[in-house]
Amino acid sequence: MAETPGTDFDIVVLGGGSGGYATALRAAQLGQKVALVEADKLGGTCLHYGCVPTKALLHAAELADNARDGEHFGVQTEFKGIDMEGVNKYKDGVISGLYKGLQGLIKSRKITVIEGYGKLVGKDTVEVDGTRYTGRHVVIATGSYSRSLPGLEIGGRVLTSEQALKLDTVPKSVIVLGGGVIGSEFASVWRSFGVEVTIIEGLPHLVPAEDEALSKAFERAFRKRGIAFNLGDRFKTVEQDDSGVHVTLESGKTFDAEIMLVAVGRGPRTADLGYEEQGITLDRGFVITDEKLHTGVGNIWAVGDIVPGLQLAHRGFAQGIFVAEQILGLNPAPIVESGIPRVTYSDPEIASVGLTEAKAKESLGADNVETLEYNLAGNGKSKILDTQGFIKLVRQKDGPVVGVHMIGARVGELIGEGQLIVNWEAYPEDVASLVHAHPTQNEALGEAFLALAGKPLHAHN
531 MAETPGTDFD IVVLGGGSGG YATALRAAQL GQKVALVEAD KLGGTCLHYG
581 CVPTKALLHA AELADNARDG EHFGVQTEFK GIDMEGVNKY KDGVISGLYK
631 GLQGLIKSRK ITVIEGYGKL VGKDTVEVDG TRYTGRHVVI ATGSYSRSLP
681 GLEIGGRVLT SEQALKLDTV PKSVIVLGGG VIGSEFASVW RSFGVEVTII
731 EGLPHLVPAE DEALSKAFER AFRKRGIAFN LGDRFKTVEQ DDSGVHVTLE
781 SGKTFDAEIM LVAVGRGPRT ADLGYEEQGI TLDRGFVITD EKLHTGVGNI
831 WAVGDIVPGL QLAHRGFAQG IFVAEQILGL NPAPIVESGI PRVTYSDPEI
881 ASVGLTEAKA KESLGADNVE TLEYNLAGNG KSKILDTQGF IKLVRQKDGP
931 VVGVHMIGAR VGELIGEGQL IVNWEAYPED VASLVHAHPT QNEALGEAFL
981 ALAGKPLHAH N
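Residue numbers (the working numbering): 531 to 991.
Structure follows, in structure tokens:
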């Protein structure tokens with residue numbers, strides 16, 4: 531929709547990803563006149579280059595594994611191979627359907643979408659292609675980009691996740707630099723597609739932000755799947771030629787593969803956007819805010835990946851709703867970072883919310899923390915699915931549960947109850963008295979809480 535220069539809005543949102551569009555939708559719902567500035571596509575990284583396409587690939591990967599394993603369940607299936615053209619068509623179809631739905635939603639709320647590269651040029655002004663838009667409030671939500679390491683050039687056979695999502699062939703072998711969420715998810719997909727995968731992680735564990743018990747179980751599962759990994763040794767150099775990539779680590783170890791994926795995290799997209807010129811404080815590129823997500827400058831707020839903390843679409847989404855409500859004087863409760871659920875959608879899945887055992891001991895004192903592990907081997911549905919794993923609960927002694935950590939197939943779908951337990955500061959007895967449907971994996975949560983409440987049923991505690 532074309533706008534005349536100098537049009538005034540109640541709120542101008544810079545960035546149309548999860549954080550930006552959530553701010554715009556909630557603000558419009560609350561009667562505000564909203565402009566949403568986006569240089570690429572509404573939905574941002576998550577919808578087009580991140581969460582949604584990777585999860586589509588992971589579903590295709592799950593089907594490939596099911597085809598291979600049919601005999602185990604008495605079903606005569608055959609795995610014939612991966613048709614990347616077909617996989618990409620399916621993936622792009624999912625994205626396109628969601629994108630159309632989002633565009634319709636934005637239009638129905640009468641939000642003005644301004645297509646183009648926006649820059650902050652005043653405490654209340656965003657400029658796009660020479661036209662200035664003013665808002666009583668400005669919300670910056672410019673998201674993140676795939677980081678690299680100093681001296682590591684992206685190009686040729688060295689890819690970021692965005693390029694990896696567009697591959698039209700299945701490589702024979704891949705080195706994944708970084709064993710966090712993104713690296714682990716791609717490693718999982720490629721292994722299911724029949725690729726030889728090696729993960730290089732400089733820290734001592736894969737998924738190093740998770741509870742150590744989960745990281746160790748995850749490593750065992752990946753080893754069993756034939757995914758190789760090298761831990762506690764940092765990347766030094768990579769060379770590429772016609773035969774592939776040749777990686778050297780600081781220890782002198784070398785690895786060769788067809789391509790390398792660089793998955794060393796995401797950096798905030800804040801350079802050359804006028805933020806510092808307007809007095810906004812940046813720290814290593816991140817926008818520093820107070821707990822209400824205000825930048826301390828004028829009526830400028832920040833949400834999503836540019837704010838230090840978990841770089842998750844649902845965090846940005848929640849922050850967008852929070853800021854819209856804060857601007858409108860609804861005084862919402864500040865978002866507690868540890869209460870945001872986290873999921874790694876690999877095989878096996880990892881899902882967690884709240885404090886790890888180590889963090890709980892750090893903040894509550896080692897003598898004030900109790901933990902319990904409930905093995906999925908005792909859960910009927912997990913047995914049916916032929917998955918292994920466990921649920922680990924972390925509680926304050928004689929107090930509420932402060933962490934729920936899970937590993938196994940589909941546990942990402944269980945984290946909803948986990949986040950209610952942690953955020954509502956439930957005691958084990960509160961959850962133990964609830965009835966969980968049988969046979970479900972959800973029941974494993976109920977069993978874990980029965981055990982933590984001192985009355986284990988299907989567990990030898």
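We put the CB at the ideal spot given by N, CA and C, even for glycine. This structure is a prediction, so every number in the text was calculated from the model and none was measured.
| Query | Result |
| --- | --- |
| To the nearest angstrom, how far is the alpha carbon of Gly709 from that of Lys927? | 33 Å |
| Just confirm the distance between the C-beta atoms of Leu885 and Val932, as a whole number of angstroms; I'd bet it's less than 8 Å. | 5 Å |
| Count the other C-beta atoms from every protein chain shown that fall within 10 angstroms of the C-beta of Asn909, then say buried if there are 16 or more, exposed otherwise. | buried |
| My assumption, with CB atoms under 8 Å, is that Val663 sits in contact with Thr672. Please give the rounded CB distance. | According to the sequence provided, residue 663 is Tyr. The question's Val does not apply to it. No, Tyr663 and Thr672 are not in contact; Cβ-Cβ is about 15 Å, not under 8 Å. |
| With DSSP collapsed to three states, give me the class of Glu683. | coil |
| Thinking C-alpha only, which one of Arg666, Thr767 and Ser773 is nearest Val780? | Note that residue 780 is Glu in the sequence shown here, rather than Val. For Glu780, the nearest C-alpha among the options comes from Thr767. |
| Restricting to runs no shorter than 4 residues, where is the alpha helix (DSSP H) found entirely within the stretch 570-624? | 574-579 and 581-599 |
| Would you call the CB atoms of Val792 and Ser678 closer than 7 Å? | yes |
| At a cut of 8 Å, does the stretch 756-764 reach the stretch 891-908 through at least three beta carbon pairs? | no |
| Smallest Cα separation from Gln606: which of Ile612, Ile870 and Asn596? | Asn596 |
| Between the beta-carbon of Pro864 and the beta-carbon of Glu855, is there less than 7 Å? | no |
| What first and last residue would you give for the alpha helix (DSSP H) that runs through Glu887? | Glu887 to Leu894 |
| Among Gly574, Thr537 and Gly685, which residue has its Cα nearest to the Cα of Phe847? | Gly574 |
| Quick one: residues in its chain with C-beta nearer than 7 Å to the C-beta of Met614, no 5 flanking neighbours on either side, listed in chain order? | Leu697, Asp698, Thr699 and Val700 |
| Indicate whether Lys702 and Glu788 have their beta-carbon atoms separated by less than 7 Å. | yes |
| Taking the alpha carbon of Ala743 as the point to measure from, which residue in Leu707, Met936 and Leu544 has its own alpha carbon closest? | Met936 |
| Where does the unbroken beta strand (DSSP E) through Val668 begin, and where does it stop? | Thr661 to Ile670 |
| Return the first residue and the last residue of the alpha helix (DSSP H) that Gly948 is part of. | Ile945 to Asn953 |
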